[in-house]
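Single-structure report; data block below.
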Amino acid sequence: MQKILIIQTAFLGDVVLATGLVEKLRTHYPNATLDFMLRRGNEGLLVGHPYLRRLWIWDKKREKYRGLWRLLWQLRQERYDLVINLQRFASSGWVTALSGAERTVGFAKNPFSRFFSARFPHQIGDGTHETARNHQLIADLTDAQPARPRLYPSADDFARVRAYQQATYVCIAPASVWFTKQFPAEQWVRLLDALPPETRVYLIGAPGDHALAESIRSASEHPQALNLCGEFSLLQSAALMAGAQQNYVNDSGPMHLASAMNAPTRAVFCSTVPAFGFGPLSDDSAVVEVQEPLACRPCGLHGYRQCPQGHFRCAHDIRIEQFFAK
305 MQKILIIQTA
315 FLGDVVLATG
325 LVEKLRTHYP
335 NATLDFMLRR
345 GNEGLLVGHP
355 YLRRLWIWDK
365 KREKYRGLWR
375 LLWQLRQERY
385 DLVINLQRFA
395 SSGWVTALSG
405 AERTVGFAKN
415 PFSRFFSARF
425 PHQIGDGTHE
435 TARNHQLIAD
445 LTDAQPARPR
455 LYPSADDFAR
465 VRAYQQATYV
475 CIAPASVWFT
485 KQFPAEQWVR
495 LLDALPPETR
505 VYLIGAPGDH
515 ALAESIRSAS
525 EHPQALNLCG
535 EFSLLQSAAL
545 MAGAQQNYVN
555 DSGPMHLASA
565 MNAPTRAVFC
575 STVPAFGFGP
585 LSDDSAVVEV
595 QEPLACRPCG
605 LHGYRQCPQG
615 HFRCAHDIRI
625 EQFFAK
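Counted the way the numbering used here counts, the sequence shown spans residues 305 to 630.
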């Protein structure tokens, strides 16, 4: 096995979780060439990765089909021994099936999986973690134990955040793409006010999260809260989270950044549940969720733009003291 391509063109967190395969393949095939295909916007996660030769970037928004055709032509020139497709949608399945690779593997849910060399089930809801679901695609080539995801911030990334690490601090990543996966702003304010006043609190996220973070910071009475949304790259944010006393996150991308750095994590799950298989993986991690059973929870895998029931109890009924439970 000399040349391997991993395809994961979904969201940020999915790419992070896919790095577990990079770790495992590197261990078992230390001399193999490993490449990775992902969507534009997520490449910052893997820039400078010590085990990856090349990143193939699909500009899904601007050149969805033309870009796929161009990528397919380029990938066929590479003559991969193995293509591993972690996506379950037709576009990546089409590329995999026509890649010309000697062996292709993926999930049976992919519409093109009938053309793969091997396909595997992808069952959500039974408690199996996504890293284990991914690992089954290479278990026969490696071993039975999934590897944890891992990111590799550079020395410059760590240097960029060092000035913020001179005292004890925690990070809060308040935003999510989905409303029902995002802990409400007023709840974040309550958490912020419950943190020790001598502890620095960094609100982190993308530039588009700045307004939300600022509304939380300004409504809080915490004397050392700082809005850093948009200040750091993905790997710089990971480096900052690695040194935090605690990281408070939603069921979203920053949770997976923390997992990949084995950083302390308290992950709040609102409309989703850990049984879907996307929970935190750090040694020091815990899930915070509503303790009373709700007939409407979970209401969906990815969340919604608003609560389907109109009450959003899965978020509002979470008590702040749950974040500090031992």
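Glycine included, C-beta positions come from ideal geometry on N, C-alpha and C.
Just so we're clear, the structure is a prediction, and the values are computed from it rather than from any experiment.
Euclidean distance between Cα positions of residue i and residue j
i, j, result
"Glu364", "Arg344", "The residue asked about is misnamed: residue 364 is Lys in this sequence, not Glu. Their backbone Cα atoms lie some 7 angstroms apart in a straight line."
"Glu490", "Thr408", "48 angstroms"
"Phe582", "Asp513", "22 angstroms"
"Val493", "Tyr468", "21 angstroms"
"Gly547", "Cys533", "17 angstroms"
"Gly431", "Val577", "9 angstroms"
"Phe627", "Tyr333", "41 angstroms"
"Glu596", "Ala629", "16 angstroms"
"Glu593", "Leu372", "40 angstroms"
"Cys603", "Arg392", "21 angstroms"
"Gly317", "His560", "6 angstroms"
"Val387", "Phe315", "19 angstroms"
"Ser519", "Thr323", "34 angstroms"
"Asp447", "Phe419", "25 angstroms"
"Arg357", "Glu347", "13 angstroms"
"His426", "Ala412", "7 angstroms"
"Ser396", "Leu325", "18 angstroms"
"Lys368", "Met305", "31 angstroms"
With 16 other Cβ atoms within 10 Å as the buried cut-off, status of residue i
i, result
"His615", "exposed"
"Thr331", "exposed"
"Pro558", "buried"
"Trp362", "buried"
"Thr569", "buried"
"Asn389", "buried"
"Asn414", "buried"
"Asn438", "buried"
"Gly607", "buried"
"Ala394", "exposed"
"Tyr384", "buried"
"Glu434", "buried"
"Ala401", "buried"
"Pro527", "exposed"
"Pro453", "buried"
"Ser421", "exposed"
"Asp460", "exposed"
Test item: CB-CB of residue i and residue j under 8 angstroms
i, j, result
"Arg609", "Phe487", "no"
"Gly429", "Ala599", "no"
"Glu382", "Lys307", "yes"
"Leu342", "Tyr355", "no"
"Leu349", "Val319", "yes"
"Arg521", "Thr472", "no"
"Asp587", "Asn566", "yes"
"Ser575", "Cys618", "yes"
"Thr441", "Ser403", "For clarity, residue 441 is Leu in the given sequence; the question names Thr instead. No; because the gap between Cβ atoms is not below 8 angstroms, this pair is not in contact."
"Ala529", "Gly509", "no"
"Leu544", "Tyr506", "yes"
"Asn551", "Cys475", "yes"
"Leu585", "Ser563", "yes"
"Asp497", "Ser524", "yes"
"Phe536", "Arg464", "yes"
Reduced DSSP category for residue i - H, G, I as helix; E, B as strand; rest coil
i, result
"Val493", "helix"
"Gly410", "strand"
"Ala529", "strand"
"Lys364", "coil"
"Ile508", "coil"
"Val351", "coil"
"Leu379", "helix"
"Leu359", "strand"
"Ile700", "Because the chain spans 305 through 630 in this model, residue 700 falls outside it and cannot be assessed."
"Gly499", "The residue you asked about is not Gly; residue 499 is Leu in the sequence shown. Coil."
"Leu390", "coil"
Runs of 3 residues minimum, wholly inside the stretch 420-488: which ones carry the beta strand (DSSP E) assignment?
422-424 and 473-477, all fully within the stretch 420-488.
Every unbroken alpha helix (DSSP H) inside the stretch 537-609 [4 residues or more]:
Listed in chain order, the alpha helix (DSSP H) runs fully inside the stretch 537-609 are 538-546 and 557-564, counting runs of at least 4 residues.
Any chance you could list the alpha helix (DSSP H) runs of at least 4 consecutive residues sitting entirely within the stretch 310-347, in chain order?
Qualifying alpha helix (DSSP H) stretches, in chain order: 316-332.
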